[in-house]
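For reference, each letter of the sequence shown is one residue, going 5 to 230 in this note's numbering.
Cβ atoms here follow ideal geometry from the backbone N, Cα and C, with glycine treated the same way.
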Amino acid sequence: MNKRRVLLSPHFDDAVLSAWSKISFGTIIVTVCGGIPDQLTTVSSADKKCGFDSAAFAAITRRKEDQRVCERIGVSYRHLDFLDNPYDRNKDIKVIKKQLDKAVGEADELYAPIGIGAHPDHIAVRDAALELFRDKDIELYLYADYPYAAERNTDKKEYDWDKTIHCIRAVLDNAERVDLEREQLLKKIDTFRLYTSQINVLKSHYPGLLDCPGILGAESFWRVRL
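Written out as structure tokens, the structure reads:
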């Protein structure tokens, strides 16, 4: 029997970028920071770089992009109402956990980011998932956060895989590395291109992002143990 699987995506594109190999029929992708800021909210510098002059319109646009992606690959999706950083810099882990519990339901497997890159939203989702795992009968796996994980050989400590793992208050199995076949990688890249509002900014930081072979060709996962 196929296991019921939920992928937690801090932002709309994270599940596709980091856990493409785990997306299959019946998978549910839950975007945690899927909320829409108030119309009067000042647009962030990050959203300005993506060409938006409205924080609300940026979120609405990305929701529509994600809907198209999920419909194309044939999976269910849910958008929670938490705002992404910097629109919400003080996320309450207990509140996120409560909402995740409702969204996850009776799933057998849960996937969450491990936190490479130290993005506050990724850390919050990871910590909420760990708290939920301790209270719920579910298998939890953490995934390497791409494209941040591609910088593992830099001197920046936030991109150091070992240091990230060391900071997690849980026992992890050794990493499972998945190398995507060329056809899989091309489909992953083609799907990611549907997040059109994100492409140019991410490519400016990671010029080889859409290359095949390239940095999106490998994924890594760690099973969490009690």
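For residue i: DSSP bridge partner residues
{"i": "L226", "result": "A small correction: the amino acid at residue 226 is Trp; Leu does not occupy that position in the sequence shown. W226 pairs with L146."}
{"i": "V182", "result": "E223"}
{"i": "L134", "result": "Beta-bridge pairing links L134 to no other residue."}
{"i": "H83", "result": "T35"}
{"i": "S22", "result": "Its beta-bridge partners do not exist; DSSP assigns none."}
C-beta contact flag for residue i and residue j at 9 angstroms
{"i": "A60", "j": "P90", "result": "no"}
{"i": "C54", "j": "A63", "result": "no"}
{"i": "P124", "j": "K101", "result": "no"}
{"i": "T35", "j": "R82", "result": "yes"}
{"i": "P151", "j": "L230", "result": "no"}
{"i": "D88", "j": "G121", "result": "no"}
{"i": "C171", "j": "G218", "result": "no"}
{"i": "L176", "j": "A133", "result": "no"}
Residue i, DSSP secondary structure in three states
{"i": "P117", "result": "strand"}
{"i": "C37", "result": "strand"}
{"i": "L176", "result": "strand"}
{"i": "S13", "result": "strand"}
{"i": "E4", "result": "With the chain covering only 5 through 230, there is no way to say anything about residue 4."}
{"i": "H126", "result": "helix"}
{"i": "R256", "result": "Since the displayed the chain opens at 5 and closes at 230, residue 256 lies outside it and no answer follows."}
{"i": "K167", "result": "helix"}
{"i": "G54", "result": "Before going on, a small fix: residue 54 reads as Cys here, not Gly. Coil, per DSSP."}
{"i": "C74", "result": "helix"}
{"i": "R67", "result": "helix"}
{"i": "N204", "result": "helix"}
{"i": "Y199", "result": "coil"}
{"i": "K160", "result": "coil"}
Identity of the residue in the options nearest residue i by Cα
{"i": "T168", "options": "E180, D183, A148", "result": "A148"}
{"i": "L213", "options": "L146, R130, L189", "result": "L189"}
{"i": "F225", "options": "W165, L206, P217", "result": "W165"}
{"i": "G65", "options": "D17, V228, W24", "result": "Reading the sequence as shown, one finds Thr at residue 65 and not Gly. With distances taken between Cα atoms, T65 lies closest to D17."}
{"i": "E180", "options": "Y210, A23, K160", "result": "A23"}
{"i": "I27", "options": "Q202, R67, V182", "result": "V182"}
{"i": "K191", "options": "G221, T200, S48", "result": "G221"}
{"i": "L11", "options": "P117, P151, K52, V47", "result": "P117"}
{"i": "S13", "options": "D194, D51, Y210, L114", "result": "L114"}
{"i": "A50", "options": "D159, H209, R130", "result": "H209"}
{"i": "D131", "options": "F56, D57, A174", "result": "A174"}
{"i": "K7", "options": "S58, G119, L144, D112", "result": "D112"}
{"i": "I77", "options": "R227, V129, F86, I193", "result": "I193"}
Close beta carbons around residue i, own chain, < 7 angstroms, minus the five adjacent residues each side
{"i": "E69", "result": "F16, L198, Y199, T200, S201"}
{"i": "R186", "result": "C216"}
Proximal residues to residue i (C-beta, below 8 angstroms), its chain only, five neighbours per side dropped
{"i": "V108", "result": "V10, V34, L114, L136, K140, I142"}
{"i": "C74", "result": "I33, S80, Y81"}
Contact set for residue i: own chain, Cβ-Cβ below 6 angstroms, skip 5 residues either direction
{"i": "D85", "result": "G39"}
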